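Scroll down for the structure; my scribbles are underneath it.
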Amino acid sequence: MIIALDGPAAAGKGTLARRLAAAFNLAHLDTGSLYRAVGRRVIREGHDPADAKYSIAVASDLLPVDIADPELRTEQTARASSIVAAIPGVRANLLEWQRNFARHPPAGARGAILDGRDIGTVVCPDADVKLFLTASLAARAERRFEELRAKGGDPIRHAVLDEMASRDRRDSERDTAPLKPALDAFVLDTSDLDADAVFAAVVAHVEYRTGARRA
Ligand code: CDP
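Heads up: the sequence shown at position 140 corresponds to 140 in the numbering used here, and the numbers run straight through without jumps.
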């Protein structure tokens with residue numbers, strides 16, 4: 001079973017993906033971490049994420065240590081990741097790896113769930129279930145603000161919102177694999193739903209679509 005889960009930043013994809021993976025015994029791949037790892041390493045090595053040649057070289061030589069970088073979840077990395085993600089050669093280098101994970105999940109798993117921006121449209125267009133999680137910009141920015149605060153940071157509310165708005169724009173307006181729901185995706189607006197309500201709605205949808213039962 002392959003589940004494609006797409007949507008903008010802080011729509012709740014990460015939490016939902018982890019819970020679905022446990023419920024249906026699926027291996028989970030957070031594809032955003034690949035773009036973050038490329039953006040982070042480009043910055044760490046003193047280059048501009050908009051430098052296509054350099055970013056493509058990094059994407060073609062991504063190492064496990066890059067994905068384990070402690071700075072992966074910072075806002076600076078988020079910004080860099082959406083800049084490198086607009087470069088077609090970067091995306092091309094990460095595509096086969098993602099498809100391979102979906103086709104050959106680690107032993108013992110019944111399938112895979114991949115979360116990102118283009119899983120249902122480009123990476124796994126034949127996924128058994130396609131989900132698109134969204135929420136208002138205000139709700140998502142508030143979640144990210146609280147997340148950064150919980151991690152001990154001192155974020156500025158309007159800066160978090162502005163940064164998210166420009167990342168939304170970059171992700172939705174790029175020519176290659178822009179953020180958008182697949183035509184056959186189940187679209188859920190989570191602005192007024194908590195994680196349990198989202199999970200319950202999606203489990204019902206997955207069971208209905210696939211005939212599978214959660215563990
Ligand atoms: O965690 P958050 O939702 O803030 O972002 P993420 O999922 O870690 O993704 C970081 C960035 O990577 C996004 O803003 C996109 O630009 C890019 N991305 C992408 O282009 N395609 C994907 N399948 C996943 C992420």
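Quick reminder that beta carbons are idealized off the backbone N, C-alpha and C, glycines included. Everything numeric in this text was worked out from a predicted model, so none of it was measured.
Item: Close-in-space but distant-in-sequence residues of the same chain around residue 123 (CB under 8 angstroms, 5 per side omitted); Value: 4, 31, 95, 98, 99, 102, 114, 116
Item: Limits of the alpha helix (DSSP H) - the one that residue 80 falls within; Value: 75-84
Item: Contact belief for residue 209 with residue 154 at Cβ below 8 angstroms, rounded distance in angstroms; Value: Residue 209 to residue 154, Cβ: 43 angstroms. No contact.
Item: DSSP three-state assignment for residue 153, whether helix, strand or coil; Value: coil
Item: For residue 120, the nearest candidate out of 151, 185, 172 (CA to CA); Value: 185
Item: Sequence-distant residues of the same chain with beta carbon closer than 7 angstroms to residue 28, five excluded per side; Value: 17, 18, 21, 113
Item: Reduced DSSP secondary structure (H/G/I, E/B, other) of residue 134; Value: strand
Item: Whether residue 109 touches residue 11 by CB criterion (7 angstroms); Value: no
Item: For residue 104, the first and last residue of its enclosing alpha helix (DSSP H); Value: Unbroken run through residue 104: none, as it is neither H nor E.
Item: Whole-angstrom distance between residue 46 and residue 65, CA atom to CA atom; Value: 18 angstroms
Item: Distance CB(residue 54)-CB(residue 85) smaller than 7 angstroms; Value: no
Item: Beta-carbon gap between residue 49 and residue 176 smaller than 7 angstroms; Value: no
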